[in-house]
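In this note's numbering, the protein residues as written are -1 to 353.
Even glycine gets a Cβ: it sits at the ideal position worked out from N, Cα and C.
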Amino acid sequence: MKIGLVGLPNSGKTTIFNALTRSEAEVTSYANQKAEPHIAVIEVADERIVHLTEMYHPKKTTYAAIEIVDFVGFTQGTSNNGGFSQSFVALLKTLDALALVVRNYRDGLMGEPDPARDVDTILTEFILSDLIITENRLSKIEEWYQRGKRTSELEREEKLLRRIEAELNEYRPVRNMSLTKDEESIIAGFQFVTHKPMLVILNSDEKNFSTNKKLMESLDKRFSTVEFAGKFEMELSRLDDDEGALFMADMGIEESARDRLTRCAYELLGYISFLTVGTDEVRAWTIHSGDTALQAAATIHSDLARGFIRAECFSYAELVECGSEKGVRDQGWFRLEGKNYIVRDGDILSIRFSV
Ligand SMILES: Nc1nc2c(ncn2[C@@H]2O[C@H](COP(=O)(O)OP(=O)(O)O)[C@@H](O)[C@H]2O)c(=O)[nH]1
Ligand SMILES: [Mg+2]
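Listed below in structure tokens is the structure:
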């Protein structure tokens, strides 16, 4: 999974990137527009993996991973002349979700915070960018029609783009539209920025952290929202865990920034984890809720999907209850599942295959 931090300059994106990834990327008051985005991988904390590692003593333990990308900020008007830059769009293509960072602290350069205004500024920018894409494509289709190139395929696309245009003009993002699988694939190539799943990170000053209930509620109505005390949490991430935990408790923060973001992202994207165990490796894998055993197999390796025979399966909860795999078998909880089996969060799978 790959998540991009987006937002206005000086909203604390790099600060939050550092808090999440324990990196030391430079935090500045001036965005360097030419800078490459910072990218780092964070592990998804998972108690089950900790416990399974104690049980199996594998050579290797692998947690699910999320890649975090710290974009350079864009200012109002970035998209006015023909959409976002090529490099932004190229990067966007690779993301599963956007995390919109919104400043909620006083800043020497930018003044008093106004999170609601900033959210609207960014959304307007995104909507405009998508409108430009839509309109450019529509006028291209118009041209083709005039040159006598009117296919049913083009007509389908045009009809869909008109619908999208109307939604965007009403200030509604593409992600809120209900689209069929076919429609999704028609527009997949356009990389509409408002089509990406998006969550909001309210980046609060440590002094007002957790006192923003009203604001959080109103944001939460529109987006999955988490509150961070970015600067404070960046400093926390540099302490060792025990020391950090003390300061966190002091602030009334119950989970690390990393864990809060992970949870929010999994919920937003409808992701779940299945697990694989053995003496070689204990590992968590990320799939979509509703994915089948065949799709889970493909996540591990395409060979496993190609030669899929069956999935041997029991749940983590069952294993904990019985204390061992043998116990699970004795209980009759050890299952053989076919390729259409809908995998559940916490399933421990072993794929039998032949290629
Ligand atoms: N008080 C306060 N300042 C912050 C917080 N997060 C970032 N800042 C400050 O805001 C400025 C811009 O931060 P930076 O992370 O570089 O923002 P970016 O441009 O969005 O990447 C820096 O001076 C940070 O120290 C925060 O949570 N609280
Ligand atoms: Mg930055």
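Next on the checklist: In this structure, how does DSSP classify Leu237 when only helix, strand and coil are distinguished?
Outcome noted: coil
Next on the checklist: Tell me whether Val198, by its Cβ, gets closer than 6 angstroms to a heavy atom of ligand 1.
Outcome noted: no
Item to check | Residue interval of the beta strand (DSSP E) (run including Ala23) | outcome: Per DSSP, Ala23 belongs to no beta strand (DSSP E) and is neither H nor E.
Checklist entry - Which word fits Ala164, buried or exposed, when buried means at least 16 other C-beta atoms lie within 10 angstroms of its C-beta? => result exposed
Item to check | Inter-residue Cα distance where the pair is Glu133 and Leu177 | outcome: 19 angstroms
Checklist entry - Of the residues Gly336, Ile349, Arg281 and Ala296, which one's Cα is nearest the Cα of Tyr61? => result Arg281
Checklist entry - Going by the CB atoms, is the gap between Gly228 and Ala95 shorter than 7 angstroms? => result no
Checklist entry - Around the Cβ of Gly146, are there at least 16 other Cβ atoms within 10 angstroms (buried) or fewer (exposed)? => result exposed
Item to check | beta strand (DSSP E) segments (min. 3 residues) lying fully within the stretch 291 to 339 | outcome: 306 to 313 and 333 to 335
Checklist entry - Counting only runs that start and end within the stretch 213 to 257, where is the beta strand (DSSP E) found for 3 or more residues in a row? => result 222 to 226
Checklist entry - How would you label His55, buried or exposed, when you count the other beta carbons within 10 angstroms and need 16 or more for buried? => result exposed
Next on the checklist: Does Arg101 pass the burial test, meaning 16 or more other C-beta atoms within 10 Å, or should it be called exposed?
Outcome noted: buried
Checklist entry - Would Gly5 be called buried (16 or more neighbouring beta carbons within 10 Å of its own) or exposed? => result buried
Next on the checklist: Can you tell me whether Lys194 is buried or exposed? The criterion is at least 16 other CB atoms within 10 Å of its CB, across all chains shown.
Outcome noted: buried
Next on the checklist: Suppose the cutoff is 8 angstroms on Cβ atoms and the five residues either side in sequence are ignored; what does the same chain contact list for Ser287 look like?
Outcome noted: Gly268, Tyr269, Ile270 and Asp343
Next on the checklist: Could you tell me which whole beta strand (DSSP E) segments of length 3 or greater appear in the stretch 69 to 136?
Outcome noted: 95 to 102
Checklist entry - Below 7 angstroms between beta carbons: does that hold for Ala291 and Val341? => result yes
Checklist entry - Applying the criterion that 16 or more other CB atoms from any shown protein chain within 10 Å of the CB defines a buried residue, is Lys324 buried or exposed? => result exposed
Item to check | heavy atom of ligand 1 below 6 angstroms from Ala25 C-beta | outcome: The question names Ala, but residue 25 is Val in the sequence shown. The answer is yes for Val25.
Item to check | Three CB pairs or more closer than 8 angstroms across the stretch 248 to 259 and the stretch 297 to 310 | outcome: no
Checklist entry - Taking C-beta to C-beta, are Ala23 and Glu41 nearer than 7 angstroms? => result no
Checklist entry - According to the neighbour-count rule (16 or more other Cβ atoms, all chains shown, within 10 Å of its Cβ), is Arg327 buried or exposed? => result exposed
Checklist entry - To which residues of the same chain is Phe82 closer than 6 angstroms at the C-beta, ignoring the five residues directly before and after it? => result Ser127
Next on the checklist: In this structure, how does DSSP classify Thr60 when only helix, strand and coil are distinguished?
Outcome noted: strand
Checklist entry - Does any CB atom of chain D fall closer than 7 angstroms to the CB of Glu52? => result The chain labelled as chain D is not found in the depicted structure, where only one protein chain is given.
Item to check | Member of Met175, Leu200 and Val25 whose CA lies at the smallest distance from the CA of Asp218 | outcome: Leu200
Next on the checklist: Which residue marks the beginning of the alpha helix (DSSP H) containing Asn16, and which one marks its end?
Outcome noted: Lys11 to Thr19
Checklist entry - Grouping DSSP H, G and I as helix and E and B as strand, with all else coil, what is Arg170? => result coil
Checklist entry - Can Asp301 and Val353 be called in contact, C-beta distance under 7 angstroms? => result yes
Checklist entry - How is the alpha helix (DSSP H) around Arg46 delimited, first residue to last? => result Glu45 to Tyr54
Item to check | Boundaries (first-last residue) of the beta strand (DSSP E) holding Ser176 | outcome: Looking at the DSSP string, Ser176 is not in any beta strand (DSSP E), and its letter there is neither H nor E.
Next on the checklist: Any heavy atom of ligand 1 closer than 6 angstroms to the beta-carbon of Thr13?
Outcome noted: yes
Checklist entry - Which one of Ile125, Leu121 and Lys157 has the shortest CA to CA distance from Ser137? => result Lys157
Next on the checklist: Measuring only the C-alpha atoms, how far is Glu335 from Ile285?
Outcome noted: 17 angstroms
Checklist entry - Which residue's Cα is closest to the Cα of Thr19: Glu182, Ala43 and Asn8? => result Ala43
Checklist entry - Could you give the C-beta distance for Ala309 and Leu347, rounded to a whole number, given that I count them as a contact under 8 angstroms? => result 5 angstroms
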